[in-house]
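Data first, discussion second: the structure below is written as structure tokens.
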Amino acid sequence: MSSEQRLYRRTDLTKTVKLSLIGEGEGMFSEPFDVEIINMSSDGVGFRCDQQLLIGEVLTGKVEIWTKERLDVFLKIIRCTEEANGMYGYGSIFVGLEGSEQTRIKIYQLFNPEDE
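In structure tokens form, the structure reads like this:
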């Protein structure tokens with residue numbers, strides 16, 4: 793999807809975080825694994841990792857944003873691409889992210905236009 797088609801502006805954010813895959817049943821989480829955050833918008837996160845995930849799967853963890861605040865997130869995979877180096881690139885959307893946290897992301901982007 794090109795940037796012209798996106799509803800929300802993505803801003804570069806390079807961080808390595810640990811996420812867990814939410815499985816079937818209550819309290820079913822995978823062991824946390826490293827993912828490299830590439831960018832973020834108020835709607836979701838782009839990231840890459842060496843785990844092969846399926847579209848529709850949901851992950852959870854904490855993501856530190858540009859202001860050093862940590863957000864508890866649930867991310868639903870909506871796009872996957874296999875990269876040449878054995879890694880996978882993912883697009884995900886936030887599930888249940890509070891409006892105040894989405895607003896924080898939008899405000900950061902408003903005052904940091906060079907990060908497009």
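Be aware that the sequence shown starts at 793, since it is given in this note's numbering, and climbs by one per residue. Cβ atoms here follow ideal geometry from the backbone N, Cα and C, with glycine treated the same way.
Status (buried if at least 16 other CB within 10 Å, exposed otherwise) for I897: Indexing the sequence shown from 1 puts residue 897 at position 105. I897 comes out buried.
State the CB to CB distance for the pair L863 and S884, rounded to an integer number of angstroms; the pair is presumed to be in contact (CB under 8 angstroms). Residue 863 sits at position 71 when you count from the first residue of the sequence shown. Residue 884 sits at position 92 when you count from the first residue of the sequence shown. Rounded to the nearest angstrom, the Cβ distance from L863 to S884 is 13 angstroms, too far for a contact under 8 angstroms.
Please determine, among A876, T895 and W858, the residue with the shortest C-alpha to C-alpha distance to D842. Here residue 842 is taken as the residue at index 50 of the sequence shown, counted from 1. Out of A876, T895 and W858, A876 has the C-alpha closest to the C-alpha of D842.
Let's test the definition: count the other Cβ atoms within 10 Å of the Cβ of S794 and tell me whether it reaches 16, buried, or not, exposed. As a position in the sequence shown, residue 794 is number 2, starting the count at 1. With a pLDDT of 42 at S794, under the threshold of 50, the predicted position of this residue should be treated as unreliable, though the coordinate-derived value follows. So S794 counts as exposed.
S892, enclosing alpha helix (DSSP H) - first and last residue: Here residue 892 corresponds to residue number 100 of the sequence shown, with the count starting at 1. Per DSSP, S892 belongs to the alpha helix (DSSP H) from G891 to F903.
Can you give me the C-alpha to C-alpha distance between P824 and L813, rounded to a whole angstrom? Your numbering for residue 824 matches position 32 in the sequence shown. Your numbering for residue 813 matches position 21 in the sequence shown. One alpha carbon belongs to P824, the other to L813, and they sit about 8 angstroms apart.
Identify, in the order they occur along the chain, each residue of the same chain with its Cβ nearer than 7 angstroms to the Cβ of I829, setting aside the five sequence neighbours on each side. Looking up residue 829 in the sequence shown gives position 37. Taken in chain order, the residues that qualify are L805, T806, K807, V809, V837, F839 and V855.
With DSSP as the reference, label L845 as helix, strand or coil. To locate residue 845, count along the sequence shown from 1; it is residue 53. Looking at L845 - three-state DSSP - the assignment turns out to be coil, as it is neither helix nor strand.
Could you tell me if F821 is buried or exposed, where buried requires 16 or more neighbouring beta carbons within 10 angstroms of its beta carbon? The sequence position of residue 821 within the sequence shown is 29, counting from 1. That one is exposed.
Distance between G891 and Q844 (C-alpha atoms, nearest Å): Mapped onto the sequence shown, residue 844 falls at position 52. Mapped onto the sequence shown, residue 891 falls at position 99. Their backbone Cα atoms lie some 30 angstroms apart in a straight line.
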